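Structure first, then comments.
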Amino acid sequence: MHPAFSVIFLTTLIGVGQGLFLALFTVESYAAFGLLPAQDGRFYALGSAIALGFLVAGLVASFFHLGRPERAWRSAAKWRTSWLSREVIVLPAFMAAVFLYGAAHFTGFNPVLARLPSGAPVNITAILGVAGTALAFALFVCTGMIYACLRFLQEWHTPLTVINYILLGGASGFVMAAALSAQAAPEVAGFLGGWAMILTVLALVGRTAALVRNARLKPKSSLRTAIGVKHPRIVQKSQGAMGGSFNTREFFHGRAAGFVRQVKWIFPVLAFVVPLGLLVAGFAVAAFAVQYLGLLAERWFFFAQANHPQNLYYRAVS
Amino acid sequence: MTQLALVIDLNVCVGCHACVTSCKEWNTSGQAGPLTDFNPYGADPTGTFFNRVQTFEVGEFPNTETVHFPKSCLHCEEPPCVPVCPTGASYKRKEDGIVLVDYDKCIGCKYCSWACPYGAREIDEQQKVMKKCTLCVDRIYDTSLPEIDRKPACVKACPTSARLFGDVHDPESEVSKAIRESGGYQLMPEWGTQPANHYLPRRKTRLRIFDDELVRADNPLKIEGKPLPRPAKSEPSLDDVTSW
Ligand code: SF4
Ligand code: SF4
């Protein structure tokens, strides 16, 4: 598939936003049970603002993908069948949750609504946090399923796609949270840095599993099934157009095989190995920057590697 | 339930692209606006087409066969391109099974084209909406046209009648009979999309001429026992005209 920059930025940016929110609420939950020192509301408000910034940037990027962005509102219509439609609904809902969560912390309007049997307070931010967490995971699932539900794209049609969207987004968000807490809340920086490393390792495992799986894939379609001629040797002589078409632009990455192979080796280094080293060394901000670059490369590769069966019809110009 | 479809006879198609040009002509001049081309006379012409004819060579030289392969939307009975559409712009008509795009609703997200394994959808780079074969829905029901013209433009244009059009759910229709009797098949059956369009396979065509066919063994004059002149096969058969 042709890696579109709009989608690369959309999926990586909202991933950071989702992961960062999950990190914030993890800290708040731990603090509520006294497992971490309680943080000032301003820390959560600042974190939510940053998360929201990533989400808005992702949303803006997504509009560049549409031919008719002015009609984007229509895309909420078919949520019963389309994962894309579901994502279109869940993303603003999640952004609203993040906004309200951040606003509640910022204004300090956080009354206790109930108490758990253990006596731990349940206040507004806890409820917003749980809702936001559910929406963050729902959004990961929607984003992943947009790709995983296309059964022809065998590289994507695996639960690993959804799992990796969760792990990669989660890792980048926790690394961002570690970078933020290093400045704004040093008491929890160690906690967040630890989780950032754990998630980065898990993401490395998940992504490697997907790479190994895809390396062993056997394409289900062949030129034989594509045109229905059962002969071992079929060569395309013309594709009906000499100057290219939508089919030659949208479904091919347009790079040499060697370039794709290089990205395949570079992105795990940038997205996982180097950030891990930097996190261990305590450079969380640098770790985030490198990891984000790595994730851009990862997403590029994710698209470039997917081989659409329609490409069978577009092997030779003339 | 009706399911309109095309049946394309690969044994007959000569790859003349008449269906391509006729499709383009009809559909670029219609109500729905042009099928935009870019650089049509330049070095890299490109544009939106509903129908393309591709050519494949099967076998190893010298035992090769050329297969011309017209390709358009197959109006799948289980169209994977429809449920993925977030706006409902892509839909399959209940009444006749045609898969259509509502150009006024489409947001140009291209997701449906990812979900079509056949590459049958092409975006219009100027109108920024997804386009594909409509089976000439604006033609086949047009009562202002003579009955015989209420067929897709490609079917009308094909000089070899390689393209048949009809209801594949009606077992007595021309297309159903062709599928049944000439080994009609679907493309990429492995994905369960159940394309409505079918293709008829290549067949071995041999021209066999028997001697008695040339001398007209069935000539009724023979019954009277009158001997007929039997010119040799190499001799001219039309006196005075071909005797040079
Ligand atoms: S051929 Fe492609 S565009 Fe046409 S109905 Fe089937 S899946 Fe949809
Ligand atoms: S490009 Fe148009 S028809 Fe296709 S999925 Fe998007 S909105 Fe639907």
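Protein chains in written order, with our numbering: chain W, 1 to 318; chain A, 1001 to 1244. Just so you know, even glycine gets a beta-carbon here, dropped at the ideal spot from N, CA and C. Quick caveat, the model's predicted, so the values are computed rather than measured.
Three-way DSSP call (helix, strand, coil) for residue i in this model
{"i": "N1051 of chain A", "result": "strand"}
{"i": "Y1141 of chain A", "result": "coil"}
{"i": "A1 of chain W", "result": "Note on identity: in this sequence residue 1 of chain W is Met, with Ala being the wrong assignment. Reduced to three states, the DSSP call for M1 of chain W is coil."}
{"i": "K1177 of chain A", "result": "helix"}
{"i": "A138 of chain W", "result": "helix"}
{"i": "T107 of chain W", "result": "helix"}
{"i": "W1244 of chain A", "result": "At W1244 of chain A the pLDDT is 43, less than 50, meaning the model places this residue with poor confidence; the figure from the coordinates comes in the next sentence. Looking at W1244 of chain A - three-state DSSP - the assignment turns out to be coil, as it is neither helix nor strand."}
{"i": "M95 of chain W", "result": "helix"}
{"i": "Y314 of chain W", "result": "coil"}
{"i": "E1077 of chain A", "result": "coil"}
{"i": "L1200 of chain A", "result": "strand"}
{"i": "L1100 of chain A", "result": "strand"}
{"i": "E1190 of chain A", "result": "helix"}
Beta-carbon proximity of residue i to residue j, cut-off 8 Å
{"i": "G193 of chain W", "j": "F25 of chain W", "result": "no"}
{"i": "I50 of chain W", "j": "L180 of chain W", "result": "yes"}
{"i": "T158 of chain W", "j": "R216 of chain W", "result": "no"}
{"i": "C142 of chain W", "j": "W73 of chain W", "result": "no"}
{"i": "A306 of chain W", "j": "L202 of chain W", "result": "no"}
{"i": "G173 of chain W", "j": "G294 of chain W", "result": "no"}
{"i": "N164 of chain W", "j": "A210 of chain W", "result": "yes"}
{"i": "I1098 of chain A", "j": "T1143 of chain A", "result": "no"}
{"i": "K1071 of chain A", "j": "Y313 of chain W", "result": "yes"}
C-alpha distance - residue i paired with residue j, whole-angstrom precision
{"i": "G1030 of chain A", "j": "K1024 of chain A", "result": "10 Å"}
{"i": "A1115 of chain A", "j": "R68 of chain W", "result": "19 Å"}
{"i": "G1108 of chain A", "j": "V90 of chain W", "result": "20 Å"}
{"i": "H105 of chain W", "j": "V175 of chain W", "result": "22 Å"}
{"i": "L150 of chain W", "j": "D1104 of chain A", "result": "25 Å"}
{"i": "V260 of chain W", "j": "L116 of chain W", "result": "53 Å"}
{"i": "G119 of chain W", "j": "L35 of chain W", "result": "15 Å"}
{"i": "A1043 of chain A", "j": "G243 of chain W", "result": "8 Å"}
{"i": "C1136 of chain A", "j": "I234 of chain W", "result": "32 Å"}
{"i": "S1243 of chain A", "j": "L1207 of chain A", "result": "The predicted model places S1243 of chain A with a pLDDT of 46, which falls under 50 and marks its position as unreliable, so this point remains unresolved."}
{"i": "A178 of chain W", "j": "A284 of chain W", "result": "6 Å"}
{"i": "H308 of chain W", "j": "T1205 of chain A", "result": "35 Å"}
{"i": "P186 of chain W", "j": "T12 of chain W", "result": "26 Å"}
{"i": "F9 of chain W", "j": "L139 of chain W", "result": "15 Å"}
{"i": "R1163 of chain A", "j": "A1196 of chain A", "result": "14 Å"}
{"i": "M1001 of chain A", "j": "D1096 of chain A", "result": "7 Å"}
{"i": "V1175 of chain A", "j": "F94 of chain W", "result": "52 Å"}
{"i": "W265 of chain W", "j": "L296 of chain W", "result": "14 Å"}
{"i": "R292 of chain W", "j": "A57 of chain W", "result": "For the sequence presented, residue 292 of chain W should be read as Tyr rather than Arg. Approximately 14 Å between the Cα atoms of the pair."}
{"i": "L270 of chain W", "j": "G169 of chain W", "result": "15 Å"}
{"i": "L199 of chain W", "j": "S62 of chain W", "result": "26 Å"}
Residue i: CB within 7 Å of a non-hydrogen atom of ligand 2
{"i": "Y1111 of chain A", "result": "yes"}
{"i": "G1097 of chain A", "result": "no"}
{"i": "T1087 of chain A", "result": "yes"}
{"i": "C1073 of chain A", "result": "no"}
{"i": "I1008 of chain A", "result": "no"}
{"i": "S1090 of chain A", "result": "yes"}
Cutoff 8 Å: residue i Cβ touching any chain W Cβ
{"i": "S1182 of chain A", "result": "no"}
{"i": "C1106 of chain A", "result": "yes"}
{"i": "F1056 of chain A", "result": "yes"}
{"i": "C1013 of chain A", "result": "no"}
{"i": "I1008 of chain A", "result": "no"}
{"i": "R1163 of chain A", "result": "no"}
{"i": "K1151 of chain A", "result": "no"}
{"i": "K1092 of chain A", "result": "no"}
{"i": "E1060 of chain A", "result": "yes"}
{"i": "K1110 of chain A", "result": "yes"}
{"i": "C1085 of chain A", "result": "yes"}
{"i": "G1033 of chain A", "result": "no"}
{"i": "W1191 of chain A", "result": "yes"}
{"i": "A1115 of chain A", "result": "yes"}
heavy atom of ligand 1 below 7 Å from residue i C-beta
{"i": "T1134 of chain A", "result": "no"}
{"i": "R1121 of chain A", "result": "yes"}
{"i": "C1076 of chain A", "result": "yes"}
{"i": "Y1118 of chain A", "result": "yes"}
Chain A within 8 Å of residue i, Cβ atoms only
{"i": "N247 of chain W", "result": "yes"}
{"i": "G243 of chain W", "result": "yes"}
{"i": "S181 of chain W", "result": "no"}
{"i": "R299 of chain W", "result": "no"}
{"i": "Q39 of chain W", "result": "no"}
{"i": "P309 of chain W", "result": "yes"}
{"i": "H157 of chain W", "result": "no"}
{"i": "V235 of chain W", "result": "yes"}
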